[in-house]
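Take a look at the structure below.
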Amino acid sequence: MLRPAYWLPFVLLLVVLGLGWELGARHVPYLFAPLGDIAGVLTGDPGYFVSNTLVTLSEALVGLGIGFVAAFALAVVVSEVGVVRRAVMPVAVVLSVTPLVAIAPLLVVALGFGMAPKVVLTALVCFFPILINVAAGLRAVPGPVLQVYRTVAASRLEVLRHLRVPASLPYVFASLRIVFPLSLIGAVVAELSAAGSADGLGSVIQVASSQNRLATVWAAIFVLAALGSLLFWLVTLAERRVLHWHES
Amino acid sequence: MHGVRRLYQQADLTDTIALDGIDLTIEPGTFVSIIGPSGCGKSTLLRLISGQEPTDAGRITVCGLTPTEAAEAKAFGFVPQSPALLPWLSVLGNVTLPHKVNRRHDRGLPDLEGMLREVGLGESIHKLPAELSGGMKQRTAIVRAFGLRPDVLLLDEPFGALDEFTREALQEQLLQLWEQTRATVVFVTHSIAEAVRLSDRVVVMAPRPGRVTDVIDIDLPRPRHQEVITSPEFHAFELTLRERLRDAFSGSGLQR
Chain G
1 MLRPAYWLPF VLLLVVLGLG WELGARHVPY LFAPLGDIAG VLTGDPGYFV
51 SNTLVTLSEA LVGLGIGFVA AFALAVVVSE VGVVRRAVMP VAVVLSVTPL
101 VAIAPLLVVA LGFGMAPKVV LTALVCFFPI LINVAAGLRA VPGPVLQVYR
151 TVAASRLEVL RHLRVPASLP YVFASLRIVF PLSLIGAVVA ELSAAGSADG
201 LGSVIQVASS QNRLATVWAA IFVLAALGSL LFWLVTLAER RVLHWHES
Chain H
1 MHGVRRLYQQ ADLTDTIALD GIDLTIEPGT FVSIIGPSGC GKSTLLRLIS
51 GQEPTDAGRI TVCGLTPTEA AEAKAFGFVP QSPALLPWLS VLGNVTLPHK
101 VNRRHDRGLP DLEGMLREVG LGESIHKLPA ELSGGMKQRT AIVRAFGLRP
151 DVLLLDEPFG ALDEFTREAL QEQLLQLWEQ TRATVVFVTH SIAEAVRLSD
201 RVVVMAPRPG RVTDVIDIDL PRPRHQEVIT SPEFHAFELT LRERLRDAFS
251 GSGLQR
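Chains as they are written, first to last, in our numbering: chain G, 1 to 248; chain H, 1 to 256.
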């Protein structure tokens with residue numbers, strides 16, 4: 001049993017938020033839906049939310065996967081070849097602080113209403129944070145360590161495999177903690193931009209809000225919040241497993 | 001080494017001479033220390049010997065090979081000032097990894113666990129570096145270098161960051177390992193007592209430009225245990241060395 005001092009503040013805040021929400025639902029009914037209605041929508045047709053969640057989740061994860069593989073490969077090139085590094089990194093930094101989700105409408109026009117624009121947008125928003133972090137991680141091997149292994153004539157490939165890639169893992173996980181939530185944002189924004197596309201939580205929100213079904217909009221948003229938390233928790237769990245040697 | 005010179009380009013594109021006119025012969029199987037004030041190019045000299053950097057003039061041969069060829073043949077073991085262990089590998093993993101690179105020229109795995117036990121790391125073989133003290137980490141780094149069975153061991157102030165007691169214990173263990181292998185050792189140090197205790201010869205260097213000013217033979221009998229430090233002969237060598245170092249300082253225009 002945890003002591004009340006540990007959980008009470010959190011529970012109190014939840015109660016206050018819940019009461020505030022109900023108050024909002026009474027006075028600003030075009031923004032808030034009563035929590036009871038939201039719960040009703042969720043329990044009324046859980047299959048609807050599960051299938052749409054799976055659509056959004058698969059778009060996010062496929063996009064993230066593609067973005068990760070591409071970014072990691074480029075990070076290796078960037079860390080090994082100085083010319084490429086000096087060319088690519090300034091561009092990467094600018095693009096990583098640009099809200100790339102803004103090109104979602106263009107991607108929908110170019111790629112249609114299917115899965116493609118969602119996956120591409122997700123891959124794109126995940127790409128640059130991963131590239132920047134991993135490129136830094138691959139170069140995080142301390143000089144004396146490199147000297148020890150260069151003194152025994154380790155090849156560049158051996159240095160990469162035995163020193164650089166393992167040293168980059170803390171940076172890899174730092175980037176994953178950033179891009180897992182980003183991948184959901186990418187997928188949802190692409191769905192929101194594809195007016196009329198049938199599936200995914202973003203489409204659910206888009207359609208329901210146009211029909212003024214507020215409870216459904218909020219139900220989808222709560223599912224997204226839960227999904228984001230779950231992904232974040234999974235990354236943290238994996239990180240603790242893999243990086244048991246790392247101080248933090 | 002014959003007439004070795006090494007230049008470094010400064011930010012303003014002028015060259016500074018890091019090392020100049022280095023003529024030095026190190027007999028195989030001897031323990032040689034290099035001592036001198038900061039900035040005299042001691043560490044640079046180690047990097048030149050192991051082929052990490054090219055010479056700008058002069059020639060270095062190691063067992064009849066160029067430094068790069070010797071490194072390719074795994075002739076070197078290197079111990080830096082920081083232990084430079086990989087934090088994700090155990091002590092045993094750290095001393096084994098150098099054998100997994102450049103395999104073609106590897107000289108075979110010795111009894112690494114036995115060597116670790118010998119330096120008092122028997123209980124720590126499967127521990128991660130984060131669980132070790134500074135002295136234990138540095139002992140791991142020394143076993144990593146000796147485990148390669150190199151012809152030449154290069155140590156760059158390996159005990160510089162340790163306290164006095166740990167330092168003396170590690171000197172003893174270093175000598176023990178060395179008596180067994182009889183590799184050639186080039187040992188960079190700041191410490192006069194350390195140089196006298198460990199070495200067959202001490203090379204005194206001076207800065208600006210980095211150069212050799214003196215070579216002193218230390219003919220104290222081996223094995224040299226802890227007791228040797230208090231002997232009058234030891235003291236005499238310390239005094240000589242201190243004097244030569246002072247000359248190296250004043251010769252370079254520095255006052256103490």
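For glycine and all other residues, C-beta sits at the position ideal for the given N, C-alpha and C. Since this is a predicted model, take the numbers as computed values, not measurements.
Among the residues of chain H, none has a CB under 9 Å from the CB of G/Ser168; the nearest is roughly 11 Å distant. At a cut-off of 9 Å between beta carbons, G/Tyr149 contacts chain H. In this structure, G/Val125 lies away from G/Leu107, with their beta-carbon atoms at least 9 Å apart. Below the 7 Å Cβ cutoff, chain G contributes Pro144 as neighbours of H/Ser82, in chain order. Inter-residue distance for H/Arg246 and H/Glu194 is about 17 Å (C-alpha atoms, whole angstroms). Residue-level contact check: H/Phe187 does not touch chain G, since none of the beta carbons of chain G fall below 9 Å from its beta carbon. For H/Pro67, no chain G residue has a Cβ inside 7 Å of its Cβ, as the nearest lies near 10 Å away. Against chain G, a Cβ distance below 7 Å from H/Lys137 picks out nothing, because the smallest value is about 12 Å. Contact annotation: G/Leu169 and G/His246 have beta-carbon atoms nearer than 9 Å. Under the DSSP assignment, G/Ala116 falls in the alpha helix (DSSP H) whose first and last residues are Ala116 to Leu138. Proximity to H/Pro67 across G/Leu57, G/Pro181 and G/Ala153 peaks at G/Ala153, based on C-alpha coordinates. Taking 9 Å as the cut-off, the Cβ atoms of H/Cys63 and H/Arg211 do not count as close. Spatial neighbours of H/Gln9 in its own chain (CB-CB distance under 7 Å, excluding positions within 5 residues in sequence) are listed in chain order as Asp15.
Interface flag for H/Gly77 against chain G is set, since a Cβ pair is found closer than 9 Å. For H/Arg197, the enclosing alpha helix (DSSP H) stretches over residues Ile192 to Leu198. Residue G/Val223 holds the alpha-carbon nearest to the alpha-carbon of G/Gly200 among G/Ser210, G/Val242, G/Val223 and G/Val179. In the three-state reduction of the DSSP assignment, H/Ala161 falls in the coil class, being assigned neither a helical nor a strand state.
Using a CB distance below 8 Å, the part of the segment 34-50 of chain H facing chain G consists of Arg47 and Ser50, ordered along the chain.
A distance below 6 Å between beta-carbons, with the five flanking residues on each side excluded, links H/Arg182 to the following residues of its chain, in chain order: Gly29. Within a 10 Å sphere around the beta-carbon of G/Ala226 sit fewer than 16 other beta-carbons, which makes this residue exposed.
As far as DSSP is concerned, G/Thr98 takes part in no beta bridge. Residue burial annotation: G/Tyr30 is exposed, with fewer than 16 other C-beta atoms found within 10 angstroms of its C-beta.
When DSSP states are grouped into helix, strand and coil, H/Arg222 belongs to the coil group. Neighbours of G/Ser79 in chain H, taken as residues at a C-beta separation under 7 Å, are lacking, since the least C-beta distance is about 17 Å. Here DSSP, grouped into helix, strand and coil, assigns H/Met205 to strand.
Ranking G/Ala5, G/Asn212, G/Tyr6 and G/Phe32 by CA distance to the CA of G/Gly18 puts G/Phe32 first. With a threshold of 9 Å between beta carbons, H/Ala18 makes no contact with chain G.
Distance between H/Leu46 and H/Val186, taken at the CA atoms: about 8 Å.
Counting of Cβ neighbours within 10 angstroms places H/Thr184 among the buried residues, the total reaching 16 or more.
Annotation: H/Lys127 has no Cβ neighbours in chain G at a cutoff of 8 Å; minimum Cβ distance is about 11 Å. Between the segment 47-59 of chain H and the segment 95-105 of chain H, the count of C-beta pairs closer than 8 Å stays below three; the two stretches do not touch. When Cβ-Cβ separations below 9 Å define contact, H/Leu162 makes no contact with chain G.
Across the segment 113-134 of chain G, no CB contact with chain H closer than 9 Å is found for any residue. Taking each of G/Ala71, G/Ser79, G/Thr236 and G/Leu54 in turn and checking the Cα distance to G/Leu157, the smallest one comes out for G/Ser79. Between the alpha carbons of H/Asp151 and G/Ser175 lies a gap of roughly 44 Å. Considering only G/Val172, G/Val188, G/Ser203 and G/Ser155, the residue with the shortest C-alpha distance to G/Thr236 is G/Val172.
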